[in-house]
Amino acid sequence: MTAITISIIIPHYTKTDTVLLGKAVGSIPDNKDIQVIVVDNSPISIDKNLFDKRSNVEIYYSDKTKGAGHARNIGLQHAKGIWLLFLDADDFFTDDAFNLLEKYLKSDKDIVFFKMTSVYSDTMEPATRHEHYEAVINNYFKDKDEYHLRTKWPSPCAKLVSNDLVKRNNIIFDEVPASNDVMFGLKIGLAAKKIAADNNYIYCIIVEKGSLTNTISLKHIESRFDTIIRKNQMLKEHGYKKTNSVMNFIIQSTKYGPVPFIRLLSKALWSGNLFVGYQNWLKTLVSLKYKKNKNYLIKE
0 MTAITISIII
10 PHYTKTDTVL
20 LGKAVGSIPD
30 NKDIQVIVVD
40 NSPISIDKNL
50 FDKRSNVEIY
60 YSDKTKGAGH
70 ARNIGLQHAK
80 GIWLLFLDAD
90 DFFTDDAFNL
100 LEKYLKSDKD
110 IVFFKMTSVY
120 SDTMEPATRH
130 EHYEAVINNY
140 FKDKDEYHLR
150 TKWPSPCAKL
160 VSNDLVKRNN
170 IIFDEVPASN
180 DVMFGLKIGL
190 AAKKIAADNN
200 YIYCIIVEKG
210 SLTNTISLKH
220 IESRFDTIIR
230 KNQMLKEHGY
240 KKTNSVMNFI
250 IQSTKYGPVP
260 FIRLLSKALW
270 SGNLFVGYQN
280 WLKTLVSLKY
290 KKNKNYLIKE
């Protein structure tokens, strides 16, 4: 029996078709040492036999009420590989991705970070979603400081993660409406003994209208707000400064009336997070007003 080297976990949700999922899975080699785990939580479940022509795809189903974090945790339960990769169902790996990954498969690293790019779904023109991660890697190559790689990379994507690291430390995704990956990213970053970064691109983000990242609702705002407070607390417990501002979410809550605004403002004040990152408040206001992806946002 062929040993599984990489397990790739794909949480999937759709109200329409499986075209993007097909493209995502199609960007992965049909090799028996790669385990592809699709966890579907769509309103209408996808066909169990959807990928029968491939030898390495497994389809599981998760509770439709529990979101992407729960789906990813189902994937973790079934992952048999030495390494983990995560792929969102509307994204895809670059053509060279698995050749670039090859050199790290026998390494002693716990996490290897790679670059990603992003495009708009309707035009395939370059987008901006990847720019934060690009800056994190570029800064690492400039100053060799691992702090930002370990603590400022919330997405599980575009990084090769040791399955043993995750299992040994009992790390799972938060099962929350939004930002389910933030604490997972922080926990593996803090737990990893050895990390590395690669200057090559292995992942492409599709910026699509109505995706979880581009959906604005009070439920999502409050979920992201609460997650940042927990992230700051964990940073403090590990001897780091609180660096993540919640002001963005407090400002966004004003669109839903005074009660949510006062609730978030009070919680930020009493948790000691209100003035965290105050140096960036002006930048936050400007980014909210002139957000480049604004046409792709959906308000609920």
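Numbering (numbering that gives the first Met the number 0), first residue to last: 0 to 299.
Glycine included, C-beta positions come from ideal geometry on N, C-alpha and C.
Is DSSP giving residue i helix, strand or coil here?
| i | result |
| --- | --- |
| residue 57 | strand |
| residue 273 | coil |
| residue 37 | strand |
| residue 11 | strand |
| residue 158 | strand |
| residue 139 | helix |
| residue 224 | helix |
| residue 50 | coil |
| residue 5 | strand |
Which residue's Cα is closest to the Cα of residue i: the options?
| i | options | result |
| --- | --- | --- |
| residue 94 | 171, 27, 166 | 27 |
| residue 112 | 229, 272, 199 | 199 |
| residue 223 | 196, 91, 180, 19 | 180 |
| residue 45 | 63, 29, 237, 238 | 63 |
| residue 220 | 236, 251, 243 | 251 |
| residue 18 | 7, 90, 78 | 90 |
| residue 72 | 166, 139, 13, 131 | 166 |
| residue 278 | 117, 263, 35, 246 | 246 |
If you draw a straight line from the alpha carbon of residue i to that of residue j, how long is it in whole angstroms?
| i | j | result |
| --- | --- | --- |
| residue 11 | residue 145 | 32 Å |
| residue 136 | residue 37 | 29 Å |
| residue 272 | residue 241 | 8 Å |
| residue 74 | residue 9 | 8 Å |
| residue 232 | residue 243 | 10 Å |
| residue 142 | residue 80 | 33 Å |
| residue 3 | residue 97 | 14 Å |
| residue 276 | residue 183 | 22 Å |
| residue 101 | residue 92 | 14 Å |
| residue 211 | residue 130 | Confidence at residue 211 is low in this model, with a pLDDT of 48, below 50, so the placement of that residue is unreliable and no value is reported for it. |
Looking at the secondary structure, which residues open and close the beta strand (DSSP E) in which residue i lies?
| i | result |
| --- | --- |
| residue 28 | Neither: residue 28 is in no beta strand (DSSP E) and is coded neither H nor E. |
| residue 195 | 194-206 |
| residue 83 | 82-85 |
For residue i, I'd like the list of residues in its chain whose CB is within less than 7 Å of its CB, leaving aside the five on either flank, ordered along the chain.
| i | result |
| --- | --- |
| residue 1 | 31, 32 |
| residue 109 | 161, 164, 191, 192, 193, 194 |
Kindly list the residues whose CB is nearer than 6 Å to the CB of residue i, restricted to its own chain and excluding five residues on each side of it in sequence; keep chain order.
| i | result |
| --- | --- |
| residue 168 | 190 |
| residue 120 | 205, 207 |
| residue 158 | 110, 112 |
| residue 99 | 199, 201 |
Over what stretch of residues does the alpha helix (DSSP H) that includes residue i continue unbroken?
| i | result |
| --- | --- |
| residue 75 | 66-77 |
| residue 115 | Taken as a continuous stretch (DSSP letters only), residue 115 belongs to no alpha helix (DSSP H), being part of the beta strand (DSSP E) at 110-119. |
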